[in-house]
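S.K.: Numbering (the numbering used here), first residue to last: 332 to 881.
All residues carry an ideal CB built from backbone N, CA and C; glycine is no exception.
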């Protein structure tokens with residue numbers, strides 16, 4: 332019969348974990364439980380990841396920290412040599428923190444009534460021969476080294492049954508109680524609504540408080556606000572437009588994507604007329620308004636060259652009442668360089684106001700600067716207010732600049748592996764599970780694809796108004812591409828990795844897609860495609876959240 336393995340067939344970030352897991356699975360007793368990739372949140376250490384966790388019903392729990400490559404301890408420090416070179420590690424601290432965090436996590440749960448967990452830690456170095464203690468803390472008997480595979484379970488047993496264990500032996504049923512808390516159970520719709528609503532109130536309060544930053548730079552006519560996803564740029568853009576309009580400016584609020592404009596339109600719909608922008612729309616919509624003659628064949632060449640020239644000429648003919656005294660440009664990283672001349676040609680005078688909001692790491696087009704040739708006063712935002720901490724931790728390695736997560740805790744990020752051509756079919760299965768088994772509602776969920784559109788989005792392509800209305804529908808899952816959903820959010824985003832367009836940076840696409848989720852992010856795609864873009868640490872984090880293979 333053997334031990335119970337959770338999951339039954341884990342997805343391993345590397346072979347070292349697989350070797351140790353297989354050794355334990357072969358040697359543990361009937362009734363023991365072997366878990367891989369256990370994740371939970373600890374108030375002191377944040378998101379905790381335990382490589383392997385063994386639960387022995389009659390003895391307690393053992394946390395096992397696994398390190399691949401060749402590991403040594405010299406001059407008071409740990410070193411790991413692998414394919415990436417030689418770098419410092421600290422496996423003892425990781426293992427010890429895993430034990431403390433696990434005990435603390437269980438004791439803080441309202442339904443846990445069994446006191447302090449009896450627990451120990453071990454190291455596993457499957458590629459390193461171990462003949463003696465590795466330093467003062469890693470005694471030989473707590474290090475599973477190369478050649479110890481047959482004795483792995485015995486070493487765990489001896490640690491939990493040894494005289495150093497002072498906590499009492501756990502009572503009957505503790506394993507089931509621990510598993511229920513560690514693995515979780517189905518979230519009911521009421522709990523889902525409560526958690527997401529509470530966190531939304533929190534992030535909205537943070538976002539509104541950030542508007543005070545505009546007061547600091549109010550005397551500067553030309554502003555540049557930069558920040559990564561979730562830092563509240565669009566909400567600041569809305570507030571800046573409102574303040575300038577209220578002060579008597581004739582404001583032009585423009586963005587690259589229609590989705591952002593539709594969101595801004597709804598956000599400002601109930602404001603008094605005196606606080607509304609004179610124009611609110613995309614650059615393309617402004618072009619049509621000024622008479623740019625595009626046809627069905629018009630592509631990027633037309634909009635980067637011919638249209639801006641036509642628009643600049645049209646702007647010079649505008650009467651004073653149609654000109655603007657202030658411009659707010661959101662998602663500016665996607666603005667073509669030629670658009671700035673056309674846009675600013677509509678200024679009523681040289682003393683116009685300008686606020687540019689951008690995130691260069693979400694740029695769709697690698698050859699666009701995202702700013703006009705004007706001196707701008709820069710304001711940098713480095714606090715993520717809107718994404719749950721687990722989501723920020725997932726896309727953080729894709730960022731060049733540091734960011735602090737202040738949006739609170741959401742749900743662990745999940746990964747569903749699938750075949751190269753199976754992402755969209757797998758997405759449908761994930762949606763069904765979310766709706767029927769996990770308590771989420773359709774209006775919580777957005778499906779965002781990296782290349783090819785989902786069939787539902789293709790069906791909706793002819794009616795743009797109805798399509799964007801679906802985003803705020805109380806009944807429907809919303810379907811989009813990453814580029815179409817930039818600047819938008821939903822509580823749950825399923826990111827379907829189904830290829831990348833030529834000429835775009837896959838890292839930017841993944842970052843943009845991941846950051847659209849406010850509470851729960853589920854990534855669906857083939858492991859090889861993700862491994863080609865993400866570093867080893869990011870892949871390891873995703874594999875921790877692997878649900879199943881499609």
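#1: Let me know the alpha helix (DSSP H) ranges lying completely inside the segment 454-492, each 4 residues or longer, listed in chain order.
#2: Quick one: what's got a C-beta closer than 7 Å to residue 480's C-beta in the same chain, skipping five residues either side?
#3: With a Cβ-Cβ cutoff of 8 Å, do residue 570 and residue 717 count as a contact?
#4: Could you tell me whether the segment 851-858 touches the segment 740-748, where touching means 3 or more Cβ pairs closer than 8 Å?
#5: Which same chain residues, not among the five before or five after residue 417, have their C-beta less than 8 Å away from its C-beta?
#6: Would you list, in sequence order, the uninterrupted beta strand (DSSP E) runs of no fewer than 3 residues that lie entirely inside the segment 524-580?
#7: Identify which residue in 440, 464, 408 and 400 has its Cα closest to the Cα of residue 372.
#8: Give me the residue from 655, 643, 700 and 558 with the minimum Cα distance to residue 681.
#9: Does the Cβ-Cβ distance between residue 369 and residue 513 come in under 8 Å?
#10: Are the Cβ atoms of residue 580 and residue 606 separated by less than 8 Å?
#11: Starting from the Cα of residue 539, find the closest Cα among 563, 610 and 840 and give me that residue.
#12: Whole angstroms is fine: what's the gap from residue 713's alpha carbon to residue 557's?
#13: For residue 452 and residue 393, which I take to be in contact (beta-carbon distance under 8 Å), what is that distance rounded to the nearest angstrom?
#14: Determine the contact status of residue 307 and residue 350, defining contact as a CB-CB distance below 8 Å.
#15: Let me know the secondary structure DSSP gives residue 598 once reduced to three states.
#16: For residue 492, tell me which candidate among 547, 387 and 533 has the shortest Cα-Cα distance.
#17: List the DSSP bridge partners of residue 450.
#18: Where DSSP assigns a beta bridge to residue 624, which residues make up the other side?
#19: Any idea what DSSP makes of residue 661, helix, strand or coil?
#20: Which residue marks the beginning of the alpha helix (DSSP H) containing residue 429, and which one marks its end?
#21: Which residue's Cα is closest to the Cα of residue 862: 751, 786, 833 and 769?
#22: DSSP state of residue 734, grouped into three classes?
#23: What would DSSP say about residue 517, mapped onto helix, strand or coil?
#24: Name the two residues that bound the continuous alpha helix (DSSP H) containing residue 838.
#25: With a threshold of 8 Å, are at least 3 pairs of Cβ atoms found where one atom belongs to the segment 645-664 and the other to the segment 796-803?
#26: Return no unless some Cβ of chain B is closer than 8 Å to the Cβ of residue 618.
#27: Which one of 404, 502, 503 and 485 has the shortest CA to CA distance from residue 468?
#28: Give me the Cβ distance between residue 710 and residue 585, rounded to the nearest whole Å; I'm assuming they're in contact under 8 Å.
#29: Helix, strand or coil: how does DSSP classify residue 636 here?
#30: Span of the beta strand (DSSP E) holding residue 410?
#31: Check the DSSP bridge columns for residue 751 and list the partner residues they point to.
#32: Expressed to the nearest angstrom, what Euclidean distance is found between the alpha-carbon atoms of residue 631 and residue 834?
#33: Count the other C-beta atoms from every protein chain shown that fall within 10 angstroms of the C-beta of residue 473, then say buried if there are 16 or more, exposed otherwise.
#34: In chain order, which alpha helix (DSSP H) runs of at least 4 residues are fully inside the segment 761-801?
#35: By Cβ distance, which residues of its chain are closer than 7 Å to residue 516, with the 5 residues on each side in sequence left out?
#36: So, helix, strand or coil for residue 726, using DSSP?
M.R.: Considering the structure as presented:
#1: As far as the segment 454-492 is concerned, its whole alpha helix (DSSP H) runs of at least 4 residues are 483-492.
#2: These residues qualify, in order along the chain: 354.
#3: No, they are not a contact pair.
#4: Contact holds: three or more Cβ-Cβ distances are below 8 Å.
#5: Result list for residue 417: 410 and 411, in chain order.
#6: Correct list: 553-558.
#7: Distances from the CA of residue 372 to each of 440, 464, 408 and 400 were compared; the closest alpha carbon is that of 440.
#8: Nearest C-alpha to residue 681: 655.
#9: In this structure, residue 513 lies closer than 8 Å to residue 369 by Cβ.
#10: Not a contact, by the Cβ cut-off of 8 Å.
#11: Among 563, 610 and 840, the Cα nearest to that of residue 539 belongs to 563.
#12: The alpha-carbon atoms of residue 713 and residue 557 are separated by roughly 9 Å.
#13: 7 Å between Cβ atoms; contact.
#14: No statement about residue 307 is possible, as the shown extent of the chain runs from 332 to 881 and does not include it.
#15: In the structure shown, the three-state DSSP call for residue 598 is helix.
#16: Residue 387 is the option with its Cα nearest to residue 492.
#17: Paired residue(s): 392.
#18: The partner list for residue 624 (beta bridge, DSSP) is empty, contrary to what the question assumes.
#19: Note: residue 661 maps to strand in three-state DSSP.
#20: Where residue 429 is concerned, the enclosing alpha helix (DSSP H) stretches over 422-438.
#21: The candidate whose alpha carbon is nearest that of residue 862 is 751.
#22: Residue 734: coil per DSSP, three-state reduction.
#23: Low confidence applies here, because residue 517 scores a pLDDT of 49, under 50, leaving its location unreliable and the question unanswered by this model.
#24: It spans 837-845 - the alpha helix (DSSP H) in which residue 838 sits, taken as one unbroken run.
#25: With a cut-off of 8 Å, the segment 796-803 and the segment 645-664 do not count as touching, because too few Cβ pairs lie within range.
#26: Among the chains of the structure shown, chain B does not appear; only one protein chain is present.
#27: Residue 404 holds the alpha-carbon nearest to the alpha-carbon of residue 468 among 404, 502, 503 and 485.
#28: Contact doesn't hold; Cβ gap of about 19 Å is too wide.
#29: Here residue 636 sits in helix by DSSP.
#30: DSSP places residue 410 in the uninterrupted beta strand (DSSP E) bounded by 408-413.
#31: Residue pairing of residue 751 in beta bridges, as defined by DSSP: absent, with no partner found.
#32: In this structure, the CA atom of residue 631 is about 14 Å from the CA atom of residue 834.
#33: Counting Cβ neighbours within 10 Å, residue 473 comes out buried, since at least 16 surround it.
#34: Taking 4 residues as the minimum length, the alpha helix (DSSP H) runs contained wholly in the segment 761-801 are 786-790 and 795-800, in order along the chain.
#35: Here the model assigns residue 516 a pLDDT of 49, short of 50, so the residue's position is not dependable, and the following value carries that caveat. Excluding sequence neighbours, residue 516 sits near nothing in its chain.
#36: When DSSP states are grouped into helix, strand and coil, residue 726 belongs to the helix group.
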